[in-house]
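Residue numbers are given in my numbering: position 641 of the sequence shown equals residue 926, and the series is strictly consecutive.
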Amino acid sequence: MSKAMLRYRQSFLLFSLLYVALEYVWIYFVPNQLDAALILEALPPLISAFVLFAVFRAHSGHERWFWLLLSIGSVLYAIAQLYWSGYEWIYDIPAPVPSIADLIWAMQSVFMVFALVYLLVRVKNAFQGFRFLFDAIILGVSITALSCEFIAKPAIETILEATSSWTMTATVTFYPMADVCIIGCLFLAHFGYGKLFHVRVMRALTFGLLLNVCADSLYLLRMANGNFETALWIGPFWSLGLFLIAYAGMASVELQVTGTQRDDSANADLMRIAYPYAALIALLFVMIERGERWELISVASTLIIVCILVRQVIVLLENDALCRKLQSSLERTRFLADHDPLSNLPNRRCFEMKLSEAIARAEREHLALAVMLIDLDRFKYVNDNLGHMAGDRMIRIVADRLRSLLHEPISIARQGGDEFTVLIERLEQAEELPRLANRIGSAIAAPLLVDGHEIRSSASIGIAIYPQDGTDAYTLMKNADAAMYRAKSLGGGRHHLYTQQLNGDLFKRWTMEHALRKAFEQNELMLFYQPQVSAENGSIVGVEALLRWRTGSGQPVNPAEFIPLAEETGLIVPIGEWVLRTACRQAQLWRKSGWLDVEMAVNVSPKQLEQDDFVERVQAILAETAMQPHLLMLEITESAAISETGDAASKLAELKALGIRLAMDDFGTGYSSLGHLRTFGVDTLKIAQSFIRDVAANNSLASIVRAIAAMASSLGLTIVAEGVEEESEYVFLRSIGCDRIQGYYFYKPMPKQDMEQLLMESAS
286 MSKAMLRYRQ
296 SFLLFSLLYV
306 ALEYVWIYFV
316 PNQLDAALIL
326 EALPPLISAF
336 VLFAVFRAHS
346 GHERWFWLLL
356 SIGSVLYAIA
366 QLYWSGYEWI
376 YDIPAPVPSI
386 ADLIWAMQSV
396 FMVFALVYLL
406 VRVKNAFQGF
416 RFLFDAIILG
426 VSITALSCEF
436 IAKPAIETIL
446 EATSSWTMTA
456 TVTFYPMADV
466 CIIGCLFLAH
476 FGYGKLFHVR
486 VMRALTFGLL
496 LNVCADSLYL
506 LRMANGNFET
516 ALWIGPFWSL
526 GLFLIAYAGM
536 ASVELQVTGT
546 QRDDSANADL
556 MRIAYPYAAL
566 IALLFVMIER
576 GERWELISVA
586 STLIIVCILV
596 RQVIVLLEND
606 ALCRKLQSSL
616 ERTRFLADHD
626 PLSNLPNRRC
636 FEMKLSEAIA
646 RAEREHLALA
656 VMLIDLDRFK
666 YVNDNLGHMA
676 GDRMIRIVAD
686 RLRSLLHEPI
696 SIARQGGDEF
706 TVLIERLEQA
716 EELPRLANRI
726 GSAIAAPLLV
736 DGHEIRSSAS
746 IGIAIYPQDG
756 TDAYTLMKNA
766 DAAMYRAKSL
776 GGGRHHLYTQ
786 QLNGDLFKRW
796 TMEHALRKAF
806 EQNELMLFYQ
816 PQVSAENGSI
826 VGVEALLRWR
836 TGSGQPVNPA
846 EFIPLAEETG
856 LIVPIGEWVL
866 RTACRQAQLW
876 RKSGWLDVEM
886 AVNVSPKQLE
896 QDDFVERVQA
906 ILAETAMQPH
916 LLMLEITESA
926 AISETGDAAS
936 KLAELKALGI
946 RLAMDDFGTG
956 YSSLGHLRTF
966 GVDTLKIAQS
976 FIRDVAANNS
986 LASIVRAIAA
996 MASSLGLTIV
1006 AEGVEEESEY
1016 VFLRSIGCDR
1026 IQGYYFYKPM
1036 PKQDMEQLLM
1046 ESAS
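What follows is the structure, encoded as structure tokens:
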């Protein structure tokens, strides 16, 4: 129903105007068809009642009861109009005054007044309640006096001259009194307090009610002039008034759906100050106009009253200016509390509140919605290499792109860091989401110009849908995060819809993280060792220390599962330090036993390289274990070095100065560049296993490996081929000048005891 009102609101207004025009055409151009004219007057209240009841059902909160009271009032009006028209149609004479119709019309007026008073009272606090009471008294007394003087009194006098019926007199008196209450409530609602409704709703509601009041007043003025016949030309005033009230209800539903805020203009502030004094001045002018004698004391009193009023208005205007300034500051404070200062987007707190409200609305109206969690894939690279100012500019650019791409009813927010969230309300088809995610991904992937650098980023997007993926804000956000994590684990630059399986993956990941922490604390981690042999004679010329994990039950855990998890959680920093210390200590023990006097290779994590005191920690371990620096080789990956380009170069230079040897691991799989080899001063180049597998049978791979070997040889680097499993691979690698071979063809990774046995055999 709310969607229909959104779609047909403007059409309804046009229909209302055409309907009223039709009434006038019928009255003036088909004068002999009185019955049809009376029927035309009976339809508007029925239509208004139906629309207002639909508004009541579409609304939430205390406002809905306001529209229900107006709907009941419209129903009563329709009943009264049908009785009045039926009486005139059956008996061919106007209904008597008073009649049952007048009683029902009186009840309709009571419901309208109750509706306005209910709304005013519901939004007041205790302090404003007292001001509301006195404002109502001021307006009530002044409007009552003016209404009685110019409308009710002449009408009553005319009636009393024509009849002595007290019921007719009471009926005629009731209408202006009810209208006075309606006008007073309208003034208080429209000018006195503001923010009861949006100005669009308040304007339509005010005009609608005032048209009803004007129609009542015109009818009473006719009675004051002694004319008691039916005046058909007044009827369209009531019709248009009821239509406008219904239109106001439809507009309020639209503003609730779109989330448009109510407003409170400066004009309303001015009227709030002026209307009590305007009422007093109006009565003063009447007193002057009706006065017969003016003495000095009356003139002086009047002048003093006017001066006091002017002075009070000036003071109130000053106070109002201060209040507006305070209001502006409060609104700015609220904005800052709900918005991210960097991107000017709503922040996490605001988004979670909006999401909870949207879920409540979707549950009430049986709708679907979706949440997207967006994570920038290369934000850390920008932050680390170009600085945090560049990272901030990147966030602002992405926020601007999202803001220009997404519009109502889609909401955007920044969660913090490099994460953004998107809320899609009133989701009609889930198929819309991948298309929207692709548009968002394309917008973010477009080149970014930051401080003269062209950056190409991408986004990992997780999507969760209400109600199938969660019925509360926490669950939806958690599941969207799981989907985003899955998209990132697949390489980033893509979106992923949440599935139940992801919960299992998350639980498994959390369980493994907990177990890994426990394993590190309880010494379940161990080192395996894999020899590196000379390509010429097969002798052991180096050893690489490899991290392994065997649970308390003896079950091994795949390094491809727990090492990336250790990287992500930061556990790799203390674990990596333990690996380095253990490997150096073991190498020294083997050297003292006379079994081994060759290099010990240890992998260095990107997280370790990011630590400010990484060089100092390595230096301390060398001193602690008495390890010779030239016998230690630290293996770094290209991506690890590049992600910390500025700091990495200086840290690696310090390590080189200590005498430690450096190896570039998995060369060819990352951002391969001769410049990187020169920048980082590596001694050894390790060709990635992906190039070694099937190299003897694949001419393309063979050409690549041959080129890498030639380049490394020309730079004077030691060449290590890892992952060698077949004799054909070994023969080819030896033929192109590889210095060392590492792989299952010679030796698998082995525990310390097996390595010691191998060393003893080699030594003998």
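Here a beta-carbon is modelled for each residue, glycine too, at the ideal position from N, C-alpha and C.
In this structure, DSSP gives residue 628 a state outside helix and strand, which the three-state scheme calls coil. Exclusion of the five residues before and after residue 631 leaves 623, 624, 625, 639, 696, 697, 698 and 699 as the residues of its chain whose Cβ lies within less than 8 Å of its Cβ. Excluding residues up to 5 positions away in sequence, 976, 979 and 980 lie with their Cβ nearer than 7 Å to the Cβ of residue 986 in the same chain.
For residue 821, the closest C-alpha among the options 872, 618, 297 and 1015 is that of 1015.
Annotation note: the region 629 to 691 contains the following uninterrupted alpha helix (DSSP H) runs of length 4 or greater, listed N- to C-terminal: 633 to 650, 664 to 671 and 673 to 690.
Of the residues 337, 1041 and 399, the one whose Cα lies closest to the Cα of residue 874 is 1041. In terms of Cβ geometry, residue 755 and residue 768 do not form a close pair [threshold 8 Å]. 8 Å or more divides the Cβ of residue 531 from the Cβ of residue 296. Under the DSSP definition of a beta bridge, residue 814 partners with 830 and 1035. In this chain, the alpha helix (DSSP H) harbouring residue 908 covers 899 to 910. For residue 887, the enclosing beta strand (DSSP E) stretches over residues 884 to 888. Residue 397 is not bridged by DSSP to any residue. Remark: C-beta atoms of residue 490 and residue 526 do not approach each other more closely than 8 Å. It is roughly 55 Å from the alpha-carbon of residue 888 to the alpha-carbon of residue 651. The criterion of a C-beta distance shorter than 8 Å is satisfied by residue 751 and residue 647.
One Cα belongs to residue 707, the other to residue 781, and the distance between them is close to 14 Å.
Our two residues, residue 1006 and residue 857, have alpha carbons roughly 26 Å apart in a direct line.
According to DSSP, residue 1027 shares a beta bridge with 1007.
In this structure, residue 1034 lies near residue 831, with their beta-carbon atoms less than 8 Å apart. Sequence-distant Cβ neighbours of residue 855 in its own chain, meaning closer than 8 Å and more than five residues away, are 892. The three-state secondary structure of residue 794, taken from DSSP, is helix. Distance from the CA atom of residue 1036 to the CA atom of residue 664, rounded to whole angstroms, is 40 Å.
When the alpha-carbon of residue 839 is set against those of 949, 808 and 863, the nearest one is in 808. In the DSSP assignment, residue 701 falls within the beta strand (DSSP E) that extends over 695 to 701.
Going by DSSP, residue 747 is part of the beta strand (DSSP E) stretching over 744 to 751. Straight-line measurement puts the Cα of residue 799 at about 42 Å from the Cα of residue 993.
By the C-beta criterion, the region 868 to 884 is judged to be in contact with the region 909 to 921, since at least 3 inter-stretch pairs fall below 8 Å. Looking at the DSSP output, residue 819 shares a beta bridge with 1025.
For residue 1023, the closest alpha carbon among the candidates 1003, 1029 and 1030 is that of 1003. Straight across, the Cα-Cα distance linking residue 685 with residue 866 is about 49 Å.
In the DSSP secondary-structure assignment, residue 971 is bridged to 1005. In terms of Cα proximity to residue 534, the closest of 943, 679 and 344 is 344.
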